[in-house]
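Asker:
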Amino acid sequence: MKKYWSVAAIAACLSAWGTIVPLSIASANTAIPTGAIEQLSLDQQTALENGDIIITGTDGDYVARMVVDASVDDLWSVLTDYNNFTEFLPNIVSSTVVESTGNNYVVEQVSKQRVFLFDIESRLLTENIQTEKQRVDFRLIEGDLALFQGYWTIEPISSTVEGNRDRLLITQSVEVQPERGTPEAMFYDIFKSALEKTLTAIREEVDRRKSL
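In the working numbering, each residue carries its 1-based index in the sequence shown increased by 1067.
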């Protein structure tokens, strides 16, 4: 049984593409910037250092964070690999850059997800504005959501591991609202739970590429 429903956009929304405002990259030897963790508890900060994914927020306004052991180049190449999102992001069945000008990329994505007994599909067309190796800001142009906008940031942090391995704090901030008629409570629950899967997929792809 196949049903087309706006909650289908969940899979596409959770993709690692996005846009972010300009941000200066700190020295690789500095601690996590205060602004990046000022709303986090000590336990949450410790969890990040231990490799956990931290997600805060409710009702369509979320911030997700994780620490990745990788170079800025490695992580950036994964976050902006729009045409290959189908290879490593969950539920993405099509992802194509349909237009690009300078640091501005228009990306069309189709996602598919099984929810209960239904195969749910969605299409999103997003504008993604890149600040080289620092930030990606994204916004919905058209598609199966009422609102979808936010950003990704990459920030070098101090390392607690042996050696000179780079450690990066990756943050996704996202605002999302379903189309009218979609059960909001269900939509937000599914969206929030899928955020962790997307971040996990990004980390795994970064690790895979490092090993090549």
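We put the CB at the ideal spot given by N, CA and C, even for glycine.
#1: Tell me, which residues are paired with S1162 by DSSP?
#2: Using the Cβ count rule (16 or more neighbours within 10 Å means buried), how would you classify D1110?
#3: Cα-Cα, which of V1273, S1240 and R1190 is closest to R1234?
#4: Grouping DSSP H, G and I as helix and E and B as strand, with all else coil, what is T1147?
#5: Look at the Cβ atom of K1277, then the Cβ atom of D1141, and state whether they are nearer than 8 angstroms.
#6: What would DSSP say about E1263, mapped onto helix, strand or coil?
#7: Give me, in chain order, the residues of the same chain whose beta-carbon lies closer than 7 angstroms to that of E1166; leave out the 5 immediate sequence neighbours on both sides.
#8: Any idea if I1221 is buried or exposed, counting beta-carbon neighbours within 10 angstroms, 16 or more meaning buried?
#9: Can V1177 and L1212 be called in contact, C-beta distance under 8 angstroms?
#10: Suppose the cutoff is 7 angstroms on Cβ atoms and the five residues either side in sequence are ignored; what does the same chain contact list for T1227 look like?
#11: Under DSSP, the beta strand (DSSP E) around E1222 begins and ends at which residues?
#12: Smallest Cα separation from G1118: which of N1195, D1256 and I1237?
#13: DSSP on I1257, reduced to helix/strand/coil?
#14: Indicate whether L1266 and W1219 have their beta-carbon atoms separated by less than 8 angstroms.
#15: From M1133, T1123 and I1121, pick the residue whose C-alpha is nearest to that of I1224; which is it?
#16: Pick from V1130, L1156, N1151 and G1127: whose alpha carbon is nearest that of R1270?
#17: Take the Cβ of D1204 as the centre, count every other Cβ of all protein chains shown within 10 Å, and call the residue buried at 16 or more, exposed below.
#18: Helix, strand or coil for I1120 per DSSP?
#19: Given this structure, state the Cα-to-Cα distance separating L1207 from T1113, to the nearest angstrom.
Answerer: Concretely, from the data shown:
#1: Q1176
#2: exposed
#3: V1273
#4: coil
#5: yes
#6: helix
#7: V1173
#8: buried
#9: no
#10: Confidence is the limiting factor: at T1227 the pLDDT is only 47, short of 50, which leaves the residue's position unreliable, though a coordinate-based value still follows. So the list reads E1116, once near-sequence residues are dropped.
#11: L1214 to I1224
#12: I1237
#13: helix
#14: no
#15: M1133
#16: L1156
#17: buried
#18: coil
#19: 34 angstroms
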